[in-house]
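Trainee:
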Amino acid sequence: NAGVTQTPKFQVLKTGQSMTLQCAQDMNHEYMSWYRQDPGMGLRLIHYSVGAGITDQGEVPNGYNVSRSTTEDFPLRLLSAAPSQTSVYFCASTKWGQSSGNTIYFGEGSWLTVV
Amino acid sequence: GNSVTQMEGPVTLSEEAFLTINCTYTATGYPSLFWYVQYPGEGLQLLLKATKADDKGSNKGFEATYRKETTSFHLEKGSVQVSDSAVYFCALYPGLTGGGNKLTFGTGTQLKVEL
């Protein structure tokens, strides 16, 4: 009953460091995505994937990379962290190809601070 | 493109007051509509959803009716409690007929309920 699991929950990085936020789901969902949440801006889509081996950019992809080598995992990489990437990051997943009423499941969030 | 507009917060109410949080949307096709709730320090949780016109989603005393004629999905609760204090997000999910699998969020409305 794990659902969507994100790690780490909290991280402090120095400017220029790289890191990977992990996301895993055990529901066999094809669609996975990463959002960032900033005050007054709601959630903005960074990258998404509709299946293993397929990724695409969202609204705010710059500075982030993703890969989808398996159905279960969708890591988000910060290549060279910048203070503007200080945010709360959410991973989400859902079934692809079925009705539009499918529930989207979210991870618990990763609080990232870049100093 | 798709968009969701929510009333700005914060909304401050006394316990047992009536709550309305307005949400309107722009979309092609027949999207599904959602309300998510985020309690302090936590991730997003699905509160309720509606997948077609005139559907009413309900959960924990909250209700929202999918109004296609006014493109609205307002969230209501008859008597709020202090424990309802959270940020509420309206979201739209277009599905395959509406331009892909991207979930579009409103900017969120913070609700504060006081004794």
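These protein sequence lines are chains A and B, in that order.
For the first sequence, this note's numbering begins at 41 and goes up steadily by one.
For the second sequence, this note's numbering begins at 1029 and goes up steadily by one.
Just so you know, even glycine gets a beta-carbon here, dropped at the ideal spot from N, CA and C.
None of the values given here were measured: they were computed from a predicted structure.
(1) Should Gln62(A) and Gln46(A) be called a contact, given that it needs their Cβ atoms to be closer than 8 Å?
(2) Helix, strand or coil for Val155(A) per DSSP?
(3) Between Glu1036(B), Gln1109(B), Lys1077(B), Glu1091(B), which lies nearest to Glu1142(B) when the distance is taken from Cα to Cα?
(4) If you follow the beta strand (DSSP E) that Arg84(A) is in, where does it begin and where does it stop?
(5) Along the chain, where does the beta strand (DSSP E) containing Asn1087(B) start, and where does it finish?
(6) From Thr110(A) to Pro48(A), what does the alpha carbon distance come to, in whole angstroms?
(7) What residues are listed by DSSP as bridge partners for Glu1091(B)?
(8) Looking at Thr55(A) and Ala122(A), is the spacing between their C-beta atoms short of 8 Å?
(9) For Gly1126(B), which three-state DSSP category applies?
(10) Going straight from the alpha carbon of Gln1138(B) to that of Val1115(B), what length do you get?
(11) With distance defined between alpha-carbon atoms, name the residue in Phe1046(B), Tyr1064(B), Thr1098(B) nearest to Gly1134(B).
(12) At 7 Å on the CB atoms, spell out the chain A contacts of Tyr1053(B), in chain order.
(13) Spatial neighbours of Ala1045(B) within its chain, please: CB distance less than 7 Å, with the 5 preceding and 5 following residues excluded, ordered by chain position.
(14) So the beta strand (DSSP E) Phe130(A) belongs to, where does it begin and stop?
(15) Express the C-alpha separation of Leu85(A) and Glu1104(B) in angstroms, rounding to a whole number.
(16) Please decide whether Glu1091(B) counts as near chain A, where near means a Cβ-Cβ distance under 8 Å.
(17) Given a limit of 7 Å on CB to CB distance, which residues of the region 1104-1120 of chain B reach chain A?
(18) Are the beta-carbon atoms of Asn1087(B) and Thr1054(B) separated by less than 8 Å?
(19) Which residues does DSSP list as the beta-bridge partners of Ile94(A)?
Mentor: Concretely, from the data shown:
(1) Counted from its first residue, the first sequence places residue 62(A) at position 22. Counted from its first residue, the first sequence places residue 46(A) at position 6. Taking a C-beta distance under 8 Å as the contact criterion, Gln62(A) and Gln46(A) qualify as a contact pair.
(2) Within the first sequence, numbered from 1, the residue matching residue 155(A) stands at position 115. Three-state result, Val155(A): coil.
(3) Here residue 1142(B) refers to the residue found at position 114 when the second sequence is read from its first residue. The shortest C-alpha separation from Glu1142(B) is found at Gln1109(B).
(4) Taking the first residue of the first sequence as 1, we reach residue 84(A) at position 44. It spans 82-91 - the beta strand (DSSP E) in which Arg84(A) sits, taken as one unbroken run.
(5) The residue you call residue 1087(B) lines up with position 59 of the second sequence. From DSSP, the beta strand (DSSP E) with Asn1087(B) extends over 1084-1087.
(6) If you number the first sequence from 1, residue 110(A) lands on position 70. If you number the first sequence from 1, residue 48(A) lands on position 8. Using only the alpha carbons, I get a separation of about 20 Å.
(7) Here residue 1091(B) refers to the residue found at position 63 when the second sequence is read from its first residue. For Glu1091(B), which the question treats as bridged, DSSP gives the partners Ser1086(B), Glu1104(B).
(8) Start at 1 with the first residue of the first sequence, and residue 122(A) comes out as number 82. Start at 1 with the first residue of the first sequence, and residue 55(A) comes out as number 15. Yes.
(9) Along the second sequence, read from residue 1 onward, the residue named residue 1126(B) stands at position 98. Unreliable placement is indicated for Gly1126(B), whose pLDDT of 48 sits below 50; no coordinate value is reported for it.
(10) Within the second sequence, the letter at position 110 stands for residue 1138(B). Within the second sequence, the letter at position 87 stands for residue 1115(B). When rounded, the separation of the alpha-carbon atoms in Gln1138(B) and Val1115(B) is 4 Å.
(11) Start at 1 with the first residue of the second sequence, and residue 1134(B) comes out as number 106. Of Phe1046(B), Tyr1064(B), Thr1098(B), the residue nearest in Cα terms is Tyr1064(B).
(12) Numbered from its first residue, the second sequence carries residue 1053(B) at position 25. The premise fails here: Tyr1053(B) is roughly 13 Å from chain A at the closest Cβ pair, so nothing lies under 7 Å.
(13) Counting from one through the second sequence, the residue named residue 1045(B) turns up at place 17. Sequence-distant Cβ neighbours of Ala1045(B) in its own chain, meaning closer than 7 Å and more than five residues away, are Val1108.
(14) Translated into positions along the first sequence, residue 130(A) becomes position 90. Its beta strand (DSSP E) spans residues 127-134.
(15) The sequence position of residue 1104(B) within the second sequence is 76, counting from 1. The sequence position of residue 85(A) within the first sequence is 45, counting from 1. C-alpha separation (whole angstroms): 27 Å.
(16) As a first step, residue 1091(B) is located in the second sequence; it is residue number 63 there, counting from the start. Residue contact check for Glu1091(B) against chain A: no CB pair falls below 8 Å.
(17) Flagged, chain order: Phe1117.
(18) Within the second sequence, numbered from 1, the residue matching residue 1087(B) stands at position 59. Within the second sequence, numbered from 1, the residue matching residue 1054(B) stands at position 26. Cβ atoms of Asn1087(B) and Thr1054(B): not closer than 8 Å.
(19) The count along the first sequence starts at 1 and reaches residue 94(A) at position 54. Answer by DSSP bridge pairing, in chain order: Gly91(A).
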